[in-house]
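Student: The structure is given below, and queries will be raised subsequently.
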Amino acid sequence: MKRLPMRKIRDVLRLSAEDLSTRQIAASLAIGRTTLRCYLDRATELGLSWPLPPEMSDTDLERLIYGASRADLFATLDRPNLQTLPPGPCVFAKWKRARVAPDYHVEVDSSWYSVPFSLIKQEVDVRTSGQTVEIFHRGRRVASHLRTAGRRNHVTVADHMPSAHRRLGEWTPSFQASRQNVGAGNEDRPGRGRLLRVGNGRPSRSVTRQVNARIHRGAPLLIWYSRIFHGVTH
């Protein structure tokens, strides 16, 4: 039998005492006719009629009809199984499925977060909470970042990068200044000096444009950049 509020059960008894049909009572109280008939039969079995005794409270009526009130059921069934609340507040988190880009980053809210480069083109699950971005692959967490406040930012962990990318990241301005004459002594090697050295020994603009265009296309193309300097940077 569907459990109804005590107010609605009182309305059932009152309208039944006014000689309304079950169809009219069901339509008036927005309950099914089968449910209504069950309560009317239960009231007849218990000898309940309208008006109810003034001293009968909703709790008394509930215990009479159901055998126990909601408070009784809570005390006997729910309370013994309650667990203590967690020490911290509940943290709301969002999940999404994403595919790792060729630059081993995953897009989250218009910013990019790195994962190990071996996961390039793999599908991962991303969990974002208040200040944290966590990335999982097949149920295992592979990356965790502090969430950046801006947009179009790149958050990269050095351990996620291929070795060629890490070496490139170590090229500070002072290191590059010490290599101004990187093409010196290579003029006898076809293409080497002509490619790298123009006038004052700095890379030509065409090489710079090529490097900038390739730097976002993954490890193989950055290895191409490293090979240009192989033998003169080590």
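Basically this note's numbering = 1-based index in the sequence shown + 685.
Glycine included, every Cβ here is placed at the ideal spot set by N, Cα and C.
Here the structure is a predicted model, which means the values were calculated and not measured.
Starting from residue 799, follow the beta strand (DSSP E) in both directions and report where the run begins and ends.
Tutor: 796–799
Student: Report the CB separation of residue 696 from residue 714 in whole angstroms; it is logged as a contact under 8 Å.
Tutor: 6 Å
Student: Per DSSP, which residues does residue 821 bridge with? Please list them.
Tutor: For residue 821, the beta-bridge partners assigned by DSSP are 810 and 826.
Student: Pair every Cβ in the segment 760–769 with every Cβ in the segment 806–816, then say whether three or more of these pairs are closer than 8 Å.
Tutor: no
Student: Please classify residue 788 as buried or exposed, where buried requires at least 16 neighbouring CB atoms within 10 angstroms.
Tutor: Classification of residue 788: buried, given that the 10 Å Cβ count is 16 or more.
Student: Taking buried to mean at least 16 other C-beta atoms within 10 Å of its own C-beta, is residue 741 buried or exposed?
Tutor: exposed
Student: Since residue 793 contacts residue 776 with CB under 8 Å, what's their CB separation in whole angstroms?
Tutor: Going by Cβ atoms, the distance from residue 793 to residue 776 rounds to 17 Å, so no, they are not a contact pair.
Student: Which residues share a DSSP beta bridge with residue 784?
Tutor: 808
Student: Measuring straight from C-alpha to C-alpha, what distance separates residue 691 and residue 724?
Tutor: 11 Å
Student: For residue 754, which residues in the same chain have their Cβ closer than 8 Å to its Cβ, ignoring the five residues on either side in sequence?
Tutor: 744, 747 and 748
Student: Which residues in the same chain have their Cβ closer than 6 Å to the Cβ of residue 828, if we skip the five residues on either side of it in sequence?
Tutor: 800 and 820
Student: How long is the line joining the alpha carbons of residue 712 and residue 758, rounded to whole angstroms?
Tutor: Computed Cα separation, rounded: 30 Å.
Student: Apply the 10 Å Cβ neighbour rule to residue 729 and answer buried if 16 or more other Cβ atoms are within range, or exposed otherwise.
Tutor: exposed
Student: Locate the beta strand (DSSP E) running through residue 672, then write down its first and last residues.
Tutor: As displayed, the chain neither begins before 686 nor continues past 919, which places residue 672 out of reach and without an answer.
Student: Tell me the rounded alpha-carbon separation between residue 699 and residue 688.
Tutor: Annotation: residue 699 to residue 688 spans about 18 Å, alpha carbon to alpha carbon.
Student: What is the DSSP secondary structure of residue 687, counted as helix, strand or coil?
Tutor: coil
Student: Are the CB atoms of residue 727 and residue 750 within a distance shorter than 7 Å?
Tutor: yes
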